[in-house]
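This report concerns only the one structure given below.
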Amino acid sequence: MVKWAGFLFNADDCIHCKACEIACKNENQTPTGIQWRRVEKVAPELYLSISCNHCDSPECFRVCPERAFTKRKDGIVQIDEDLCTGCGLCVTACPYHAPQFNPETHKVSKCQMCYPRQDAGLPPACVEACTTGALSIVDLNQFSDPEATRTLPGFPDIRITCPSIVFYPPKPRKRYFL
Amino acid sequence: MQSPYVVPDFVQELLAVSSSGVTAIIQKLSSLLSLPVLVVDPFYQVLFFSTGNEAVDEIVIIPDNEQEFSSVFNCQISTVDTIKNGVAHPITVNSKKLGFLILSWNDAGLDARRYEEVLSYASSLCALQMQKSLEIKREKQKFKEAFLFDLLYGNIKQKEDIIEYGEIWGWDFHVPHTVIVFSSKEEDHFFTNKQMINTLLQIVEKELIMQNVKPIAMVKHQQVITMFPQADTNHDVDRGKLQAFTETILKNAAKLAGELEIACGIGKRYTNPAELFRSYQEAKIALELGILLEISTPMFADLGLERILYKHDLQDLIEFHNHTLGSLLEYDKKHDGYLFVTLEALVANQFDIGKTAAASFLHRNTLRYRVKKIEDILDVKLDDLHVRLNILAAFKIRQLRKIGNEGC
Numbered sequence: 085m086v087k088w089a090g091f092l093f094n095a096d097d098c099i100h101c102k103a104c105e106i107a108c109k110n111e112n113q114t115p116t117g118i119q120w121r122r123v124e125k126v127a128p129e130l131y132l133s134i135s136c137n138h139c140d141s142p143e144c145f146r147v148c149p150e151r152a153f154t155k156r157k158d159g160i161v162q163i164d165e166d167l168c169t170g171c172g173l174c175v176t177a178c179p180y181h182a183p184q185f186n187p188e189t190h191k192v193s194k195c196q197m198c199y200p201r202q203d204a205g206l207p208p209a210c211v212e213a214c215t216t217g218a219l220s221i222v223d224l225n226q227f228s229d230p231e232a233t234r235t236l237p238g239f240p241d242i243r244i245t246c247p248s249i250v251f252y253p254p255k256p257r258k259r260y261f262l
Numbered sequence: 029m030q031s032p033y034v035v036p037d038f039v040q041e042l043l044a045v046s047s048s049g050v051t052a053i054i055q056k057l058s059s060l061l062s063l064p065v066l067v068v069d070p071f072y073q074v075l076f077f078s079t080g081n082e083a084v085d086e087i088v089i090i091p092d093n094e095q096e097f098s099s100v101f102n103c104q105i106s107t108v109d110t111i112k113n114g115v116a117h118p119i120t121v122n123s124k125k126l127g128f129l130i131l132s133w134n135d136a137g138l139d140a141r142r143y144e145e146v147l148s149y150a151s152s153l154c155a156l157q158m159q160k161s162l163e164i165k166r167e168k169q170k171f172k173e174a175f176l177f178d179l180l181y182g183n184i185k186q187k188e189d190i191i192e193y194g195e196i197w198g199w200d201f202h203v204p205h206t207v208i209v210f211s212s213k214e215e216d217h218f219f220t221n222k223q224m225i226n227t228l229l230q231i232v233e234k235e236l237i238m239q240n241v242k243p244i245a246m247v248k249h250q251q252v253i254t255m256f257p258q259a260d261t262n263h264d265v266d267r268g269k270l271q272a273f274t275e276t277i278l279k280n281a282a283k284l285a286g287e288l289e290i291a292c293g294i295g296k297r298y299t300n301p302a303e304l305f306r307s308y309q310e311a312k313i314a315l316e317l318g319i320l321l322e323i324s325t326p327m328f329a330d331l332g333l334e335r336i337l338y339k340h341d342l343q344d345l346i347e348f349h350n351h352t353l354g355s356l357l358e359y360d361k362k363h364d365g366y367l368f369v370t371l372e373a374l375v376a377n378q379f380d381i382g383k384t385a386a387a388s389f390l391h392r393n394t395l396r397y398r399v400k401k402i403e404d405i406l407d408v409k410l411d412d413l414h415v416r417l418n419i420l421a422a423f424k425i426r427q428l429r430k431i432g433n434e435g436c
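See the structure below:
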């Protein structure tokens, strides 16, 4: 069976260091103001590292009039910038704000899950850079863990798009008095 | 001296022909027993008949349900003119039922037990052959699935290429197609019950074959995806055919899937096969919204307002809902008037007093009185089209966003 690449995010382990953001920027040389991956604070002590989720039903892909998006057999959603006319429909359609419009080039770009690295057997730059191992990549065809959830508080609605991401939700913490 | 190990002649004879396929096995069995033999699938549809498949168009197998799970059970074989008796033996591989081997006879007095051993042996031979065919089919399916994946994700850009590829499997992509998705209502997108999904695929393929359509169907994760050809230019006829097809599948699936509930979604019709990926994405959206709105055969084309509302900012929607229906909800909370239920029924019946009265078991005048009361509380006139649209939208928001009776 062909693998179904997806992200696995452990909410407890993310410390908001933004190493994933920086690694993504460094790997893809994205211009100023374009962030394919970003780390957001969604609740007190809850951070979310979010990029394109390479959805099973990508809305960007459906609405694009130029057919600039394609989905590989391993689930990675790619955009061909040469075909993009910068109409911005995908930007508004994506609930995760993954497609990023560049006002200088009038093109949209987005996370491509570092597919050249993956094709060479390497993990995506963000996953490799994650200092705490909060972000990892899994084969969703094989992945099964009763503790994992499909969404987290603060994460956009997953119903229509079915994003290729699973989460380990934060566990209740014990407080120790010194 | 020890007696030699004897293999019965019939075993040798059946084994000798087994490599030629199921038809050869049942023909040999039929000549050995001097009785007609047939093989049916798990849904009692005839697959092979010892006297040739052309004679089996009108056969219906009626199993005795009480005995179906035993190794050998009695059944009736109903043709156009006659009803015959029969005895059936399941064909199984690794406890998976592939079908049944059935002996047919005219007399009622034959002893089924006499044939149990030979039926069991012949069933095992049939099972091996059927399993082999199944594996070959699965290998072929892999190439088919790769093509269908590319088609459903728009990876083949040229219409001509798609038409050419389709011809390999006998699919005519000159004809417009609509994508239909069937899936379980489970909320977990990674949930996969392979057996249930494969059964669903079988049901879809069988129904398409019965409608003289070369099935284009595949399984992807927990979905069964099919493309339904729509040669008809009449929009209403097309809709009717689509609905009838999906309803049949859902009905058959409900019988077989057990506790799992199956939902479906229907995309738009596309003439250009290179655009079929849009129909697939639309079908998936229709499926999700259909589950929320409890529509059994949701069509993407009919869900315009619902899609806009679902995608809209939640806070705005809640404010709109509370502004439109809030005062009625508050009144009901204080007075237990159940006016909200009346308004809901009125909306469900397109604001038709007669239909609503019949559906709610209320007298027309009682309903009129309640509608007047609702108008007073909401401070609107329900015959105003703008008010009706607002109320309809507010009810759709409730369904889509699962807003409770207390509002938000």
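Heads up: the protein sequence lines correspond to chains A and B, in order.
Heads up, the working numbering is the position in the first sequence plus 84, with the first residue counted as 1.
Heads up, the working numbering is the position in the second sequence plus 28, with the first residue counted as 1.
Quick reminder that beta carbons are idealized off the backbone N, C-alpha and C, glycines included.
From the DSSP output, which residues share a beta bridge with residue 233/A? The sequence position of residue 233/A within the first sequence is 149, counting from 1. Answer by DSSP bridge pairing, in chain order: 251/A.
So residue 403/B and residue 413/B are supposed to be a Cβ contact under 8 Å. How far apart are they, rounded? Translated into the one-based positions of the second sequence, residue 403/B becomes position 375. Translated into the one-based positions of the second sequence, residue 413/B becomes position 385. The pair is not a contact, with the Cβ atoms about 15 Å apart (cut-off 8 Å).
Taking Cβ positions, are residue 111/A and residue 198/A nearer each other than 8 Å? The count along the first sequence starts at 1 and reaches residue 111/A at position 27. The count along the first sequence starts at 1 and reaches residue 198/A at position 114. Their beta carbons are under 8 Å apart, which means residue 111/A touches residue 198/A by this criterion.
Report the partner residues of residue 133/B according to the DSSP bridge assignment. If you number the second sequence from 1, residue 133/B lands on position 105. Residue 133/B is bridged to 113/B.
Determine the closest residue to residue 197/B out of 188/B, 172/B, 417/B and 213/B, with distance taken between C-alpha atoms. If you number the second sequence from 1, residue 197/B lands on position 169. It is 172/B whose Cα lies nearest to the Cα of residue 197/B.
Can you list, in chain order, the residues of its chain with a C-beta nearer than 8 Å to that of residue 336/B? Leave out the 5 residues immediately preceding and following it. Indexing the second sequence from 1 puts residue 336/B at position 308. Here the set comprises nothing.
Below-8 Å beta-carbon distance, residue 425/B vs any chain A residue: Residue numbering aside, residue 425/B sits at position 397 when the second sequence is read from its first letter. Not closer than 8 Å to any Cβ of chain A, the Cβ of residue 425/B fails to qualify, so no.
Given residue 256/B, which residues of its chain have a CB within under 7 Å of its CB, disregarding the five upstream and five downstream residues? For this step, residue 256/B is matched to residue 228 along the second sequence. Once the five neighbours on either side are set aside, the close Cβ partners of residue 256/B are 205, 206, 208, 270 and 273.
Compute the Euclidean distance between the alpha carbons of residue 17/B and residue 418/B, then round it to the nearest angstrom. This structure leaves residue 17/B out entirely; chain B is present only between 29 and 436.
Pull up the DSSP beta-bridge partners for residue 314/B, would you. Taking the second sequence and counting its residues from 1, one reaches residue 314/B at position 286. DSSP, once it has assigned bridges, lists no residue as partnering residue 314/B.
Which of helix, strand or coil does DSSP assign to residue 435/B? The residue given as residue 435/B occupies position 407 in the second sequence. Residue placement at residue 435/B is flagged as unreliable, the pLDDT there being 48, under the threshold of 50; the coordinate-derived value follows with that caveat. Of the three classes helix, strand and coil, the one that applies to residue 435/B here is coil, per DSSP.
The stretch 85-95 of chain A contacting the stretch 208-224 of chain A, beta-carbon criterion three pairs below 8 Å: yes
Closer than 6 Å by C-beta to residue 435/B: which residues in its own chain qualify, once you throw out the five before and the five after it? Chain order, please. Taking the first residue of the second sequence as 1, we reach residue 435/B at position 407. Since pLDDT at residue 435/B reaches only 48, below the 50 mark, its modelled position is unreliable, and the value read off the structure follows with that caveat. Cβ within range, chain order: 350, 354 and 357.
Complete alpha helix (DSSP H) runs within the stretch 44-87 of chain B (minimum length 4 residues, chain order): 50-61
Alpha carbon of residue 392/B to alpha carbon of residue 379/B, nearest angstrom: Counted from its first residue, the second sequence places residue 392/B at position 364. Counted from its first residue, the second sequence places residue 379/B at position 351. Rounded to whole angstroms, residue 392/B to residue 379/B spans 13 Å at the Cα level.
Would you mind giving the Cβ-Cβ distance between residue 334/B and residue 345/B, rounded to the nearest angstrom? I have them listed as a contact below 8 Å. In the second sequence, the residue the question calls residue 334/B occupies position 306. In the second sequence, the residue the question calls residue 345/B occupies position 317. Residue 334/B to residue 345/B, Cβ: 12 Å. No contact.
With H, G and I counted as helix, E and B as strand and the rest as coil, what does DSSP make of residue 419/B? By 1-based counting over the second sequence, the position of residue 419/B is 391. Helix, per DSSP.
For residue 266/B, collect the residues of the same chain with a Cβ closer than 6 Å to its Cβ; drop the 5 residues on either side in sequence, then sort them by chain order. In the second sequence, counting from the first residue as 1, residue 266/B sits at position 238. Contacts found: 258 and 260.
Please confirm if residue 185/B has its CB atom under 8 Å from at least one CB of chain A. Along the second sequence, one-based indexing puts residue 185/B at 157. Cβ-Cβ to chain A under 8 Å: yes for residue 185/B.
Just to confirm, are residue 77/B and residue 61/B a CB contact at a threshold of 8 Å? In the second sequence, the residue the question calls residue 77/B occupies position 49. In the second sequence, the residue the question calls residue 61/B occupies position 33. Contact: no.
Output the distance between the C-alpha atoms of residue 236/A and residue 251/A, rounded to the nearest integer angstrom. Here residue 236/A refers to the residue found at position 152 of the first sequence. Here residue 251/A refers to the residue found at position 167 of the first sequence. The straight-line gap from Cα to Cα measures roughly 7 Å.
Have a look at residue 184/A and residue 363/B and give me their C-alpha separation to the nearest angstrom. Position 100 of the first sequence holds residue 184/A. Position 335 of the second sequence holds residue 363/B. Cα to Cα, the separation comes out at about 52 Å.
Does residue 181/B get closer than 8 Å to chain A when you measure Cβ to Cβ? Locating residue 181/B in the second sequence gives position 153, counting from the first residue. By this cut-off, residue 181/B is an interface position.
Measuring only between beta-carbons, confirm whether residue 396/B sits less than 8 Å from chain A. As a first step, residue 396/B must be located in the second sequence, where it is residue number 368. With 8 Å as the cut-off, residue 396/B does not count as an interface residue toward chain A.
With H, G and I counted as helix, E and B as strand and the rest as coil, what does DSSP make of residue 218/A? The residue you call residue 218/A lines up with position 134 of the first sequence. Of the three classes helix, strand and coil, the one that applies to residue 218/A here is coil, per DSSP.
Does residue 141/B pass the burial test, meaning 16 or more other C-beta atoms within 10 Å, or should it be called exposed? In the second sequence, counting from the first residue as 1, residue 141/B sits at position 113. Residue 141/B comes out exposed.
The alpha helix (DSSP H) that contains residue 144/A, what's its start and end? Counted from its first residue, the first sequence places residue 144/A at position 60. Residue 144/A -> alpha helix (DSSP H) spans 143-147.
Residues of chain B with a CB under 7 Å from the CB of residue 154/A: which are they? Here the question's residue 154/A lines up with position 70 in the first sequence. Simply 181, 182 and 183.
Considering only residues of the stretch 156-216 of chain B, which uninterrupted alpha helix (DSSP H) runs meet the minimum length of 4 residues and lie entirely inside it, listed in chain order? 187-196
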